[in-house]
Structure formats: structure tokens, C-alpha cells
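Enquirer: Just so you know, the protein sequences line up as chains A and B, in that order.
Residue numbers in the first sequence follow numbering that gives the first Met the number 0, run continuously in steps of one, and reach 238 at the last position.
Residue numbers in the second sequence follow numbering that gives the first Met the number 0, run continuously in steps of one, and reach 545 at the last position.
Each residue gets a CB set at the ideal place from its N, CA and C atoms; glycine is no exception.
Quick caveat, the model's predicted, so the values are computed rather than measured.
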Amino acid sequence: MNTFLWVVFPYLSIVVLAGGTVWRYRYDKFGWTTRSSQLYETNYLRWGSPLFHFGVLFVLIGHIVGLLIPKSWTEAVGITEHLYHLMAVFIGTVAGLCTLIGMAILILRRRLTGPVFAATTRNDKTMYVVLGSVILLGLWATVKANITGGGYDYRETVSPWLRSLFTLQPDVALMTAVPAGFKIHIIAAFVLFACWPFTRLVHAFSAPVGYLTRPYVVYRYRDPHGGLRPTRPGWEPPR
Amino acid sequence: MRVMAQIAMVMNLDKCIGCHTCSVTCKQAWTNRSGVEYVWFNNVESRPGQGYPRTYQDQDRWQGGWVRTRTGRLKPRSGGRIKRLFSIFANPILPRIGDYYEPWTYDYENLLTAPAGEDLPVARPKSLLTGEDTKVTWSANWDDSLGGGNEVLQGDPILRKVSDQVRQEYEKAFLFFLPRICEHCLNPSCAASCPSGAIYKRAEDGIVLVDQDRCRGWRMCVTGCPYKKVYFNHRTGKAEKCTFCFPRIEIGQPTICSETCVGRLRYIGLMLYDADAVAKAAAVEDEHDLYDAQRSVFLDPWDPTVAKAALAAGIPEDWIAAARRSPVWDLIMKYEVALPLHPEYRTMPMVWYIPPLSPVVDVLRDTGHDGEDPHNLFGAVDALRIPMEYLAELFTAGDPAPVREALNRLAAMRAYQRRINLGEKPDGSIPAAVGMTPEEMDEMYRLLAIAKYEQRYVIPSAHAEDAHRLEGLGAECSLDYEGGPGMYQTGPFGEASGTAVPVQVETFHMLQDRQTADEPRRLNLLNWDGKGTPEGMFPPREEDRS
Numbered sequence: 000m001n002t003f004l005w006v007v008f009p010y011l012s013i014v015v016l017a018g019g020t021v022w023r024y025r026y027d028k029f030g031w032t033t034r035s036s037q038l039y040e041t042n043y044l045r046w047g048s049p050l051f052h053f054g055v056l057f058v059l060i061g062h063i064v065g066l067l068i069p070k071s072w073t074e075a076v077g078i079t080e081h082l083y084h085l086m087a088v089f090i091g092t093v094a095g096l097c098t099l100i101g102m103a104i105l106i107l108r109r110r111l112t113g114p115v116f117a118a119t120t121r122n123d124k125t126m127y128v129v130l131g132s133v134i135l136l137g138l139w140a141t142v143k144a145n146i147t148g149g150g151y152d153y154r155e156t157v158s159p160w161l162r163s164l165f166t167l168q169p170d171v172a173l174m175t176a177v178p179a180g181f182k183i184h185i186i187a188a189f190v191l192f193a194c195w196p197f198t199r200l201v202h203a204f205s206a207p208v209g210y211l212t213r214p215y216v217v218y219r220y221r222d223p224h225g226g227l228r229p230t231r232p233g234w235e236p237p238r
Numbered sequence: 000m001r002v003m004a005q006i007a008m009v010m011n012l013d014k015c016i017g018c019h020t021c022s023v024t025c026k027q028a029w030t031n032r033s034g035v036e037y038v039w040f041n042n043v044e045s046r047p048g049q050g051y052p053r054t055y056q057d058q059d060r061w062q063g064g065w066v067r068t069r070t071g072r073l074k075p076r077s078g079g080r081i082k083r084l085f086s087i088f089a090n091p092i093l094p095r096i097g098d099y100y101e102p103w104t105y106d107y108e109n110l111l112t113a114p115a116g117e118d119l120p121v122a123r124p125k126s127l128l129t130g131e132d133t134k135v136t137w138s139a140n141w142d143d144s145l146g147g148g149n150e151v152l153q154g155d156p157i158l159r160k161v162s163d164q165v166r167q168e169y170e171k172a173f174l175f176f177l178p179r180i181c182e183h184c185l186n187p188s189c190a191a192s193c194p195s196g197a198i199y200k201r202a203e204d205g206i207v208l209v210d211q212d213r214c215r216g217w218r219m220c221v222t223g224c225p226y227k228k229v230y231f232n233h234r235t236g237k238a239e240k241c242t243f244c245f246p247r248i249e250i251g252q253p254t255i256c257s258e259t260c261v262g263r264l265r266y267i268g269l270m271l272y273d274a275d276a277v278a279k280a281a282a283v284e285d286e287h288d289l290y291d292a293q294r295s296v297f298l299d300p301w302d303p304t305v306a307k308a309a310l311a312a313g314i315p316e317d318w319i320a321a322a323r324r325s326p327v328w329d330l331i332m333k334y335e336v337a338l339p340l341h342p343e344y345r346t347m348p349m350v351w352y353i354p355p356l357s358p359v360v361d362v363l364r365d366t367g368h369d370g371e372d373p374h375n376l377f378g379a380v381d382a383l384r385i386p387m388e389y390l391a392e393l394f395t396a397g398d399p400a401p402v403r404e405a406l407n408r409l410a411a412m413r414a415y416q417r418r419i420n421l422g423e424k425p426d427g428s429i430p431a432a433v434g435m436t437p438e439e440m441d442e443m444y445r446l447l448a449i450a451k452y453e454q455r456y457v458i459p460s461a462h463a464e465d466a467h468r469l470e471g472l473g474a475e476c477s478l479d480y481e482g483g484p485g486m487y488q489t490g491p492f493g494e495a496s497g498t499a500v501p502v503q504v505e506t507f508h509m510l511q512d513r514q515t516a517d518e519p520r521r522l523n524l525l526n527w528d529g530k531g532t533p534e535g536m537f538p539p540r541e542e543d544r545s
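Spelled out as C-alpha cells, the structure:
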């Protein structure tokens, strides 16, 4: 069971994430979009969306620092476990709360604004459930660990385990003693990764950083296949 | 000098009767789909009026176009790259659906299925966004022909700019129509504000397009375009805009709005321009200089050095020839009667307008003067400050001089031709008064009044056949010779039936030539009167063949 949860399942999830993304990019470039609903409703979105997105970006940075950078490295530059923990809890809680509040605003908006709800697909709803539970489980695990004890030092167990996945020498033993809250959060996260390429979340992969270096006006040559083009996706013939 | 070609349009506003045929055919061709119900790539708005979307010309509010920075460079009015990226999660200046209008349909089914009762069944308006009952309060041309009166007119951003002179008196009311499509700017700010780089300007003909595969729905282009001519498809989450009907242009046909224009007021032609000069011209300090600055980037196709540079830049010979016959060149550069729409947005728009003289003539006539007398007309162009300054705000960033000149030329043309029409001796002093020769005036009259289809639309076909040939022999079909079985992709239901297959531009023309040839080689069954077996109805018999 442990081998499945901490070796097979994560690898499976990563394979689905990578393969699914490649597949989606090749066959559904047209569907690769934010599907923004701002046209329908702005007042709630202008609070909810930046709160959620900036929050989640900070959460992402926190996860990268906490999971991918070995403890020995941070200690080498003089950051003690206590200092690190304080920073992580403080920034993490603020970012997590921003994400949570933003997400609450967005979900309420989605449910209560007529046009936005009408434009919500079943895929979106499933995605919200998975994404929401990952965020809630993560917050809950952190808060619980900090209230009941002095916090849990996942950098001794979870982080090395995750890095062992990337070096293709997965170390299951590291995960056995991890509190249940963190375990569930990790499983949920890998479920989310597996769903990722098949939802609107793919827009995160096309964050437009290239805009910063690109010239303002883009010129392109006509594609060399002249004449009538095959019908494109999204095109409905005139009625 | 980097020569580039641009397909451009000029609209003669004097001829626009506001029939909206262009809008309807455009909608049928391009935006008759779910997600773009509210979208009109071509719309005709009444001026004065609020426009579509409402008050789009108020750039203090909508932040479209470019601004000149203190260092003399241009940046999008809504902010540079970093500011845009930080507001990507919620664009603070995106028009709401209500600024366009909430699309609706009617519950026609109720008319047939309603149970018998006291009341007559009605078709209620239903929102196309929610499917619920809705109340129709606004549309793309709700204020058509000054509908709504002063209440609506007060929302006109242009009228507000000139309002200290304007009194909304009935006898001084004026009205003209302004058909609008995408301007296919030389310096497009929609493309500049697209974070994904999905909006591009086609290098061959300057048409600005959205790559639907690269658009990620960041919706910055909607803000970036000062004309609000990029729209967000709320169903697919992608930006869409006027395509200048590029599939038609590529085979030498005019856009659908031009093709179906009842007043024949649109002209399409090629303009050669110096792409290296665009950025500098768009950044001149004084807004009033922008009109001349834009004219200075256009290159004279008759100039041998320009033609040589154009050839060197890969512009085909027949395109240069087309640029020489371009009615757009004549109207902008030779007769100087066409003006750009809102040059102060610094996007270098390429759909230009001949300002309407009619409001002036109408007022003259209504006040008991001879509206066609040249002296009355010249005086009136200046005296009627309301239309003049209003037109200047639209076309020359508020500088009345070029508008006055264009209107004077149109007035002179009217007066000059009227004398000829009445059998009087042509009066050479009239064209001379506006700096033209009688011959030039005559040519201008022909172009504006009686130009035929081929003179109004001078569109060279795209050279797809070159690209095809360059791909090499592997792309050729060995049965593709004249009359061979590979010719014209015959489907089960006759020529050109079956699913759409890529057809070369040349094939299109050959097919069209053959279908319109005098001598039919195959019988068109639709023209068959049912009698006998005309030639070509059946393939030749075996014995006839030998």
C-alpha cells in the first residue's frame, strides 16, 4: 500500500500530467485558454481573482523553497530551523488566507452570478472541488500541526521523499511517520496534478513572461498553404 | 527604407445612408455564432451618438491606444508591459457586457405552443447569456439616427469635447453615419498589449489577425484597442476581431461589407509604406501633426526607387502595379479628401474617411440659400462650426484645417460639376480655388461618383501559388494536368462538391473562369430546360471518341 501511495501513484500522476499536457497542447490549442468570465461580471472578480492568483503564486514559491531546497542548504546560509519555521508559517498563512478568501469570493461569484454560473461546465465544477480540497487540506494540516505542537518539520521527511522521486530512487520509508493531514494533502495534490492538463488550469502553463522581452508589434507571414483552409475548431457555419 | 504593403480602405461618408447592410452581411459571415452574439466586426453608428460600445472614444476612461512618454517614445495608454502583467488577473478597464449590450433572442416557440387562453401569446425577450427573461435596454445601434434625443447625445464623448460651442437646438441638429471596422493599424496597440503575442500583423498585406491557437484569453487587447474593435468571445474565451475578410482578399475579392455596400461608398486598395518610419511618425509631439506624419510614411508607388525597393522587399510586381491603381492612394495622397479616424490614438489607422459635406449642404438649403453655389458653400463650411469642429475631433485630432480643406474640395467639386451638368461652361476658377486643375477635379468626380467595381476595389490576389510551387514537386499531384482526373477535386455530387479541400488561389480563378466562360464544356443542370440531351450532358460515347 505504501509503495503504491508514495511511489506508483506519484509517478503515474506525473506521467499523466506531462503526457496529458503534451496531448492537450498538440490537439487542443484552441481550448487552451483562461476562459475568463470578466465580461459578465467585474465587481467581485476584481477582488477575488487577484487575491486568489497572487496568493496562490506565493504559496507556489513557498512550496518550491520548502520542498525542493534541502534543509542543509538553507542552514548553510545561516537560516535556523526556528527562523525558517517562523517565516514559513507567517508568509504561508498570509498567502494561504489570501488564496482561501479569493477562492471563496470567486466560487460564490460563480454560483451567484447568473451568466457566470451558466458558463460553468461540469469539468470546472470538478476542478474546483479538487483544487479547493488541496488548498483546504494543506491549510488544515499546517494549522493543526502548529496548534497541537510546535509545528511539523516536513523538511526532514516530505521534502527528501519528494526529491527522491526526482532522482528516481524513491524512499518510501521517509513517508511512514508523516502525520495523516500532510499525507492526505499530498495525495490530493497528486490527484490535482493528474487532472491538471484536462481542465482550464492549463492556462497556468502559458503565463506570458515572454511579453516582457518581446517587441510590441508582432509581424508574421501568411502560412504557405493558400486557398481555402480546413474548418477550424470553434467555427460554426453561418446560420 | 523597409517597404511593406497594406490593404487599406476609404469610406465616403457622404454616401452612407445608414442602412446597416454592411453590418448584417458581416455578422452573417463572421459573428453569427454563440459567444459572439454581441459582436459586430462592422457596425454603423450615428454621429453624434455614443457609439458601440458606449462612449468607446473616451480614452480617459477606456485607456485605449498609445501615449507619448516624456522621452518621446510610445507606450500603451493602459500601461507598459509590467503594469499590464500585474493586472492580468482582473483587467480593471475592460468594458462590461452592458457597455456593448446584453445579447438576446425571443421565445418564438411560445407563439405556437402557448395553450389557448384569454391573452394573446407573446414572444418574450430572453437573454442569450443566462437564458432567463430579460429587458432590452440597449444594443449596438440603439441611438440610431439620433434616437434617444439629447439624453443619449449627452453621452457622446466627442460632443462633450466641443460642447461649449454646441447648442442642441433643433434647427442646428446634424446627423451623419459612421461605419466602422477594424482599422488594421500600422502601429496596432491591440497587438502591443497582447501578452501572448497572439495578435499579429500580416507581413504581406498588413491585415491584423488573432491567432486563435495562441490566444490565451488574457483580454488585454480589448483594452488596448482604442476603437474597441477586438472582442472577447465569452464562449471560447478567445479574442476575435475583424479579419478584413482575408479569405476573400486573398483571392482578389473585396470584403463582404464592401461587396454588399448599398451606397458603394467603400474603396479598397493597396498602400505601400515605409515600416521603418512608422514608430517615429506615430510619436510626433503635436497631435495635430499626426495626420501629416501618417501621410509621410506612405510611399509613392510611381517613384522608381520605391518600386525597386518594393521588389527587393519581396513585394510582387503585380502588387506594385495594383498600388499604382489604388483608389485609396488617390483619395488620401492625390486629392487629399480622405482623413484618418482618430489619429490622436497614435495607432496609424488604415481605414480612412471622406468627411461628409451633406450636413453643410442641408443646413444651407434649409436656411433658404442655394446649397450648391460655390461661394455660399465655401463660406458655410467655415461658418457651420458645429459639424466642422465635430468632424475635426473625429478625423484630425481637433485641427480644423485639413477638414476644411477636404470639405472645400468636395464643395468645389459639387459646384463645378453642377455647372457642367446644367450645360454651362466649366468654370476653371472653382477647382483653382482649392488648388486643383479641372482635369484632376474631373478625375476625382469620376472616382467618387461613378467608379465601377473594378475601380473601387483594386485588390491583387495573394501569391499562394508561389508558396505552393516553392514547396517542391512533392506537393504537386501528377494527375493535376488540364483535364486530368486530379483536376478540381471532383466530389460525388459534381464539381466542387464534397468536403472542403485546400484549393489553390489559381484553381479558384480557373474554376471561376470556366464557370463563366461563354462556351460551356459541361452542362449546368440547373439551366437545363428538360428537352433533349444537350451537348455535354453525358460523356462522349466510345465510338465518338475514336
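1. Could you tell me which whole alpha helix (DSSP H) segments of length 4 or greater appear in the stretch 58-141 of chain B?
2. Against chain B, does residue 226 of chain A count as a neighbour if the rule is that its beta carbon must be under 9 Å from one of theirs?
3. Among the residues of its own chain, which have a CB less than 6 Å from the CB of residue 221 of chain A, if the five just before and after it don't count?
4. Look up residue 2 of chain B in the DSSP assignment and give the residues it is bridged to.
5. With DSSP as the reference, identify every bridge partner of residue 45 of chain B, one or two as the case may be.
6. Output, in sequence order along the chain, the residues in the stretch 15-36 of chain A whose CB is closer than 9 Å to any CB in chain B.
7. What are the boundary residues of the alpha helix (DSSP H) that residue 239 of chain B is part of?
8. May I have the straight-line CA-CA distance separating residue 184 of chain A from residue 58 of chain A, to the nearest angstrom?
9. Step through the CB atoms of chain A and report whether any lies within less than 9 Å of the CB of residue 195 of chain B.
10. So residue 75 of chain A contacts chain B; which residues on that side make the cut at Cβ distance below 7 Å?
11. Using C-beta distances below 6 Å, list every residue in its chain close to residue 477 of chain B, excluding the 5 sequence neighbours before and after it, in chain order.
12. For residue 497 of chain B, would you say it is in contact with chain A, using Cβ-to-Cβ distances shorter than 9 Å as the test?
13. At 9 Å on the CB atoms, spell out the chain A contacts of residue 183 of chain B, in chain order.
14. Can you tell me where the beta strand (DSSP E) holding residue 64 of chain A begins and where it ends?
15. Quick one: measure Cβ to Cβ for residue 213 of chain B and residue 196 of chain B, integer angstroms, because I've assumed they're closer than 8 Å.
16. Shortest alpha-carbon distance to residue 337 of chain B belongs to which of B/185, B/401, B/289, B/373?
17. Is residue 76 of chain B buried or exposed, if buried means 16 or more other CB atoms sit within 10 Å of its CB?
18. With DSSP as the reference, label residue 245 of chain B as helix, strand or coil.
19. Would you please state the rounded distance, in angstroms, between the beta carbons of residue 177 of chain A and residue 156 of chain A? I believe it to be under 8 Å.
20. Could you tell me how far apart the beta carbons of residue 270 of chain B and residue 188 of chain B are, in whole angstroms, since I believe they sit closer than 8 Å?
21. Using a beta-carbon distance below 9 Å, is residue 61 of chain B in contact with chain A?
22. Spatial neighbours of residue 190 of chain B within its chain, please: CB distance less than 7 Å, with the 5 preceding and 5 following residues excluded, ordered by chain position.
23. Rounded to whole angstroms, how far is the Cβ of residue 144 of chain A from the Cβ of residue 150 of chain A, which I believe are closer than 8 Å?
24. On the DSSP bridge list, what partners appear for residue 208 of chain B?
25. What do you get for residue 160 of chain A, buried or exposed, if any count of 16 or more other CB atoms within 10 angstroms of its CB means buried?
26. Given that residue 48 of chain A touches chain B, what residues does it touch there, using C-beta distances under 8 Å?
27. If contact means a Cβ-Cβ distance below 7 Å, which residues of the stretch 145-176 of chain A contact chain B?
28. In whole angstroms, what separates the C-alpha of residue 174 of chain B from that of residue 147 of chain B?
29. Am I right that residue 251 of chain B and residue 458 of chain B are in contact with their C-beta atoms under 8 Å? What's the rounded C-beta distance?
30. At a cut of 8 Å, does the stretch 72-91 of chain B reach the stretch 214-233 of chain B through at least three beta carbon pairs?
31. Within 10 Å of its beta-carbon, does residue 311 of chain B have 16 or more other beta-carbons around it, so buried, or fewer, so exposed?
32. Could you check what DSSP says for residue 574 of chain B in three-state terms: helix, strand or coil?
33. Assign residue 456 of chain B to one of three DSSP states: helix, strand, or coil.
34. Helix, strand or coil for residue 139 of chain A per DSSP?
35. Using a Cβ cut-off of 7 Å, which residues of the stretch 195-218 of chain A contact any Cβ in chain B, in chain order?
36. Tell me the DSSP secondary structure of residue 527 of chain B in three-state form.
Expert: Taking the geometry as given:
1. 58-61, 80-85, 96-99, 108-112, all fully within the stretch 58-141 of chain B.
2. Note that residue 226 of chain A has pLDDT 48, beneath the 50 cutoff, so the model's placement of it is unreliable and the number below is only indicative. Interface residue, yes.
3. none
4. B/273
5. B/176
6. Closer than 9 Å at the C-beta level to chain B, one finds these residues of the stretch 15-36 of chain A: 28, 29, 30, 31, 32, 33, 34, 35, 36.
7. Not the alpha helix (DSSP H): residue 239 of chain B falls in the beta strand (DSSP E), residues 237-240.
8. 14 Å
9. Taking Cβ atoms only, chain A reaches closer than 9 Å to residue 195 of chain B, which makes this a yes.
10. Result: empty, since nearest Cβ-Cβ is about 34 Å, beyond 7 Å.
11. Below a pLDDT of 50, predicted positions are generally treated as unreliable, and residue 477 of chain B, at 44, falls in that range; no measurement from the model is reported.
12. Only weak support exists for where residue 497 of chain B lies, its pLDDT of 37 falling under 50; the value from the coordinates is given anyway. Chain A, which has no Cβ nearer than 9 Å to the Cβ of residue 497 of chain B, makes this no.
13. In chain order: nothing, as chain A lies at least about 12 Å away.
14. Unbroken run through residue 64 of chain A is the alpha helix (DSSP H), 44-67; no beta strand (DSSP E).
15. 7 Å
16. B/401
17. buried
18. helix
19. 5 Å
20. The pair is not a contact, with the Cβ atoms about 20 Å apart (cut-off 8 Å).
21. no
22. These residues qualify, in order along the chain: 198, 199, 200, 207.
23. About 5 Å separates the two Cβ atoms, so the contact holds.
24. DSSP, once it has assigned bridges, lists B/199 as partnering residue 208 of chain B.
25. buried
26. 88, 89
27. none
28. 13 Å
29. 5 Å
30. With the cut-off at 8 Å, the stretch 72-91 of chain B and the stretch 214-233 of chain B touch.
31. Label assigned to residue 311 of chain B: exposed.
32. This structure leaves residue 574 of chain B out entirely; chain B is present only between 0 and 545.
33. strand
34. helix
35. 202, 205, 207, 209, 210, 211, 213, 215, 216, 217, 218
36. Coil.
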